[in-house]
Structures are given as structure tokens and as C-alpha cells.
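J.:
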Amino acid sequence: VFMLILTRIIGLFLVAPLFSDRSISRAFKIGLVIWITIVLWYVVPVDIDKMPTSGVAYGFAVFQELLVGLFLGTIPQILFAGVRAMGEIVGMQMGLSVATTFNPSEGGQESLLTKFFANIMLLLLLIIDGHHLLLAAIRKSFDVLPLLNTWNFMQSGQYIAEMAGAIFAIGISLAAPIILIIFLLDFAFGLVSRVAPQVNVFMLGFQLKPPLGEIVTILITPLLMERMVYLLGRMVNELTQLFYLMHM
Numbered sequence: 154v155f156m157l158i159l160t161r162i163i164g165l166f167l168v169a170p171l172f173s174d175r176s177i178s179r180a181f182k183i184g185l186v187i188w189i190t191i192v193l194w195y196v197v198p199v200d201i202d203k204m205p206t207s208g209v210a211y212g213f214a215v216f217q218e219l220l221v222g223l224f225l226g227t228i229p230q231i232l233f234a235g236v237r238a239m240g241e242i243v244g245m246q247m248g249l250s251v252a253t254t255f256n257p258s259e260g261g262q263e264s265l266l267t268k269f270f271a272n273i274m275l276l277l278l279l280i281i282d283g284h285h286l287l288l289a290a291i292r293k294s295f296d297v298l299p300l301l302n303t304w305n306f307m308q309s310g311q312y313i314a315e316m317a318g319a320i321f322a323i324g325i326s327l328a329a330p331i332i333l334i335i336f337l338l339d340f341a342f343g344l345v346s347r348v349a350p351q352v353n354v355f356m357l358g359f360q361l362k363p364p365l366g367e368i369v370t371i372l373i374t375p376l377l378m379e380r381m382v383y384l385l386g387r388m389v390n391e392l393t394q395l396f397y398l399m400h401m
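In our numbering, each residue's number is its place in the sequence shown (first place is 1) plus 153.
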């Protein structure tokens, strides 16, 4: 039973925002996972009659618990991916896509704006106790989806895939104000090129887009933060819907 609980929690920690951050010590995460498992070990209901009697059945049960944890962690990670998509889109529109920095939590390069927005999203997650909500969700999952019970993999997997397909739409909706300003600037440059062909519009745009985009970004950051809080609030509804689909 301990291993099954541990596996589900490991699945959450592998993909969920904050918990999966590579900049956090592995020893700390391992200790936290084991501590949470010990706490839940005393309260999680288990039907002893359903305990696997063979190695193959036990391996399948462990794999099933890992999938449950992965699915629970994927929901908030998709919302974070939408914010990162916004950063990439805005950076590309502003001509800052070449300005990248190494992200130790992701193990790769990302634009400065992407890291800026992702850090804001992470801070908001902590401010609204989103990390506690994720831990509460993993606890609730043992009531909705008891250990060793079958669950609807197809419908829940399809739901995850549909949410993943909405990442770009989330990014576009968040970046819309900045995209609109940059579009209007490009339109103005087009008019200038028709009226005064001797003006080097390309170089002018290269000089004006980054500072103008940064000013607009600073001005609308409070609005973006409200949208991010809304997305984090959606996380609870999405997890509830996922529980419902798994339990069907």
C-alpha cells in the first residue's frame, strides 16, 4: 500500500509546477514525497481484498497509480505552458526572441519575457496557496479514485489532450493586447513606407518595437496578473472535471 501511495505522489511531483522544478534539491523533494506518503498512509482507504497477488498485477497497479499522479500534475502544467506560450509570442512580436536565458527548472533556453511571465505565474501560485491546492487534490484523489480501483483512462486522457491543444489559444488570449499594439505599429510603419519610401522602416521598427512593447507590457502587467489568477482558479475546476471523468 505504501508503494502505491508513493507512486501516485511521485507522478504528481514529476510534472506539477513548482514540485517538478529542477532547481529544487532532489533530496528535499524525495524527503517531502516520503513524508506526505507516510501522512496519507494512515488515512487513505484501502480494500485489502483487492491487493494484487502476482508480480504482474502489482506492476500494473503501480503503473496505474503513476498515471493518476501524472494526469493530476499535467492540468496545472498545461496552464503554465499557456503562459510560457504567451511569453514566446510576445517576445517574437517585439523582436526579443533572440534574447534568451538558461532555465534550470526546465533544463533549456527560453526567452527573457517567457521567464518573466512564468515567474509571475509561479509567484501567484504561491500567493493563492496553489501548491496547497495541489496537495489537497492528491489527497482528494484517494477518495474519488481509491487505490486498486479501475478508472476511465480513455476519457480522462482525451480531456488532457484537449486541454493541451488549448495551450496556444491561452497564450494568444493573454498576449492579445500586446499583439494588437505591435500590429498597429506595423500598420503605421506601412503607411510611413508608402508616404516616405526613403525612410528605412525595417531599422526603425527594429529600434521602436522592443521599447514600445516593454512599455505596454509594464502597463498591462496588472491585467495579465488578473488573467493568470483566473487561470489558476480554473485549475480547481479542471481538476474536479478530471476526477469526474476518471470516476465514470
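Yeah, the Cβ is synthetic: ideal placement off N, Cα and C, and Gly gets one too.
1. If we count the other Cβ atoms within 10 Å of its Cβ and call it buried at 16 or more, is residue 212 buried or exposed?
2. What did DSSP end up calling residue 351 once you bin it into helix, strand or coil?
3. Starting from residue 186, follow the alpha helix (DSSP H) in both directions and report where the run begins and ends.
4. By how many angstroms is the C-alpha of residue 270 removed from the C-alpha of residue 299?
5. Measuring alpha carbon to alpha carbon, tell me which of 303, 275, 344 ends up nearest residue 398.
6. Examine the Cβ distances between the stretch 271–279 and the stretch 307–315 and report whether three or more of them are shorter than 8 Å.
7. In the structure shown, what three-state DSSP assignment does residue 176 receive?
8. Please confirm if the stretch 290–297 is in contact with the stretch 328–346, defined as three or more CB-CB distances below 8 Å between the two stretches.
9. So residue 244 and residue 324 are in contact, right, with Cβ under 8 Å, and what is the actual spacing, rounded?
10. Cβ of residue 188 within 8 Å of Cβ of residue 154?
11. Residues in the same chain with beta-carbon distance under 6 Å from residue 267, minus the five sequence neighbours each way, listed in chain order, please.
12. How is residue 264 classed by DSSP in three states: helix, strand or coil?
13. For the stretch 383–400 against the stretch 283–291, are there 3 or more C-beta pairs whose distance is under 8 Å?
14. Using beta-carbon positions only, say whether residue 166 and residue 186 come within less than 8 Å of one another.
T.: According to the data block:
1. exposed
2. coil
3. 179–194
4. 37 Å
5. 303
6. Verdict: no, contact absent.
7. coil
8. Inter-segment contact for the stretch 290–297 and the stretch 328–346 is absent: fewer than three beta-carbon pairs are separated by less than 8 Å.
9. Actually they are not in contact, since the Cβ atoms of residue 244 and residue 324 sit about 11 Å apart, beyond 8 Å.
10. no
11. 237, 240, 241
12. strand
13. yes
14. yes
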